[in-house]
Every structure is written in structure tokens, then in C-alpha cells.
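K.L.:
Under our numbering, the letters of the sequence shown match residues 76 to 232, in that order.
A virtual CB, placed ideally from N, CA and C, is assigned to each residue, including glycine.
Everything numeric in this text was worked out from a predicted model, so none of it was measured.
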Amino acid sequence: MALDFIDPAVIPFLSTFLFVFAVVFGLLSIAKGKDDKVLFKNSVNVIIAVVFAAFSVTYEPLVAALQQFIPLAAALLLIVFFFVFLRRLFGSKTGQHFDALPFLVVISFLLLLVGLFWDSLGLSVPGMSSSNMMWLIGIIIVIMIFLAAYKHSPGTQ
Numbered sequence: 076m077a078l079d080f081i082d083p084a085v086i087p088f089l090s091t092f093l094f095v096f097a098v099v100f101g102l103l104s105i106a107k108g109k110d111d112k113v114l115f116k117n118s119v120n121v122i123i124a125v126v127f128a129a130f131s132v133t134y135e136p137l138v139a140a141l142q143q144f145i146p147l148a149a150a151l152l153l154i155v156f157f158f159v160f161l162r163r164l165f166g167s168k169t170g171q172h173f174d175a176l177p178f179l180v181v182i183s184f185l186l187l188l189v190g191l192f193w194d195s196l197g198l199s200v201p202g203m204s205s206s207n208m209m210w211l212i213g214i215i216i217v218i219m220i221f222l223a224a225y226k227h228s229p230g231t232q
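(1) Using a Cβ-Cβ cutoff of less than 8 Å, which residues in the same chain neighbour A149 once the five nearest sequence positions on both sides are dropped?
(2) Are V159 and I105 touching if we call contact CB-CB under 8 Å?
(3) For S183, which of P201, M203, G213, M208 has the nearest alpha-carbon?
(4) Per DSSP, V113 is paired with what?
(5) By Cβ distance below 8 Å, which residues in the same chain neighbour V125 in space, the five residues on each side in sequence not counted?
(6) Can you say whether A128 is buried or exposed, counting buried as having 16 or more other CB atoms within 10 angstroms of its CB?
(7) Assuming contact is defined by CB atoms lying nearer than 8 Å, are V138 and F100 in contact in what I supplied?
(8) How long is the line joining the alpha carbons of L187 and S205, rounded to whole angstroms?
(9) Please classify T91 as buried or exposed, where buried requires at least 16 other C-beta atoms within 10 Å of its C-beta.
(10) Using the Cα positions of I86 and A140, report the straight-line distance between them to the nearest angstrom.
(11) Write down the C-beta distance between L179 and I220 rounded to the nearest angstrom, noting that I regard them as a contact closer than 8 Å.
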């Protein structure tokens with residue numbers, strides 16, 4: 076084993092702690108309150124995330140379940156946070172027009188890359204074939220495109 080100083084019995088608890096901490100901290104960091112202000116400072120976000128992670132480590136069924144689903148959940152959360160990053164990068168500021176072309180190009184390119192490398196990624200969902208999974212990802216992206224077009228369509232004046 077590469078890390079001899081870490082006991083293998085501790086790894087499920089450590090990975091659960093890190094996963095829950097990362098998810099809670101990430102969600103608190105992107106959450107916005109009234110007037111597009113950040114809800115809490117980063118130091119408060121860290122404390123809240125540590126408390127959630129510490130309580131989640133003490134619940135044994137969660138640790139066991141996360142050990143089974145952590146690779147798939149981590150991949151899905153990476154995709155979600157990537158979309159949030161793209162939204163912040165290409166999102167419209169107040170008073171500016173939303174340009175959907177860069178967003179659509181990035182999403183289309185991402186769908187193309189996922190389609191090309193899906194088999195080599197080694198991600199599998201129990202009960203779903205890879206073609207069904209690609210259809211599901213494609214439908215979700217099309218829904219996101221329609222949602223973005225609906226959200227930024229000019230209203231009646």
C-alpha cells in the first residue's frame with residue numbers, strides 16, 4: 076500500500092469525512108442570499124462543513140453507503156460544480172445581455188467528449204447500459220439549453 080501510515084480501517088471514515096466536507100463547503104460557497112450576496116464568510120462555511128462531516132462520520136450506514144457510491148457521486152458532483160463554474164463564468168451580470176453561444180459551445184463540446192470517452196472512463200450505473208446513460212446525459216443537457224433559453228428570453232414590454 077502506498078500510504079503505510081494510514082490504517083485501512085480508517086480510510087472509509089476519512090473518505091466520508093472529506094467527501095461530505097467538500098460537498099457541504101462547495102454548496103455553501105456557491106449559495107447566494109438576498110441581493111446576490113454570499114450567505115456566510117469562508118471561515119463560517121468551513122466550520123459548518125466540518126460539523127456536518129463530523130456528524131456524518133458517526134453514522135455508520137452513511138459511511139457504508141458512501142463507500143459503495145462515492146466514485147459515481149464524486150463524478151456527478153464534479154459535473155455539477157463544473158456547470159456552476161461555467162454559469163458564473165458566462166453568466167450575465169445585471170444590466171448586461173446574456174450571450175448563450177459560449178455556454179452552448181462548451182456544453183456541446185463536453186457532451187461530445189463524454190460520448191467519445193465514456194467507455195474508457197469506466198463509469199457504470201447498475202441497471203443502465205452506456206448508451207442509455209448517454210441518452211440521459213444528452214436529454215439533461217437539452218433540457219438545460221431550453222431552460223437557459225427560456226430564462227433569458229426577452230419578455231413582453
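P.N.:
Straight from the coordinates:
(1) For the purposes of this step, residue 149 is taken as residue 74 along the sequence shown, with counting starting at 1. Residues F94 of the same chain have their beta carbon placed closer than 8 Å to that of A149, with the five preceding and five following residues left out of the count.
(2) Stepping through the sequence shown from its first residue, residue 159 is reached at position 84. Stepping through the sequence shown from its first residue, residue 105 is reached at position 30. V159 places its beta carbon less than 8 Å from that of I105.
(3) Along the sequence shown, read from residue 1 onward, the residue named residue 183 stands at position 108. Of P201, M203, G213, M208, the residue nearest in Cα terms is G213.
(4) Stepping through the sequence shown from its first residue, residue 113 is reached at position 38. The partner list for V113 (beta bridge, DSSP) reads K107.
(5) The count along the sequence shown starts at 1 and reaches residue 125 at position 50. Result list for V125: F96, in chain order.
(6) Locating residue 128 in the sequence shown gives position 53, counting from the first residue. Buried.
(7) In the sequence shown, the residue the question calls residue 138 occupies position 63. In the sequence shown, the residue the question calls residue 100 occupies position 25. Contact flag unset, no.
(8) Along the sequence shown, one-based indexing puts residue 187 at 112. Along the sequence shown, one-based indexing puts residue 205 at 130. C-alpha separation (whole angstroms): 14 Å.
(9) For this step, residue 91 is matched to residue 16 along the sequence shown. Result: buried.
(10) For the purposes of this step, residue 86 is identified with residue 11 of the sequence shown, where counting begins at 1. For the purposes of this step, residue 140 is identified with residue 65 of the sequence shown, where counting begins at 1. Going by the C-alpha atoms only, they are around 14 Å apart.
(11) Indexing the sequence shown from 1 puts residue 179 at position 104. Indexing the sequence shown from 1 puts residue 220 at position 145. Yes, L179 and I220 are in contact; Cβ-Cβ is about 6 Å, under 8 Å.
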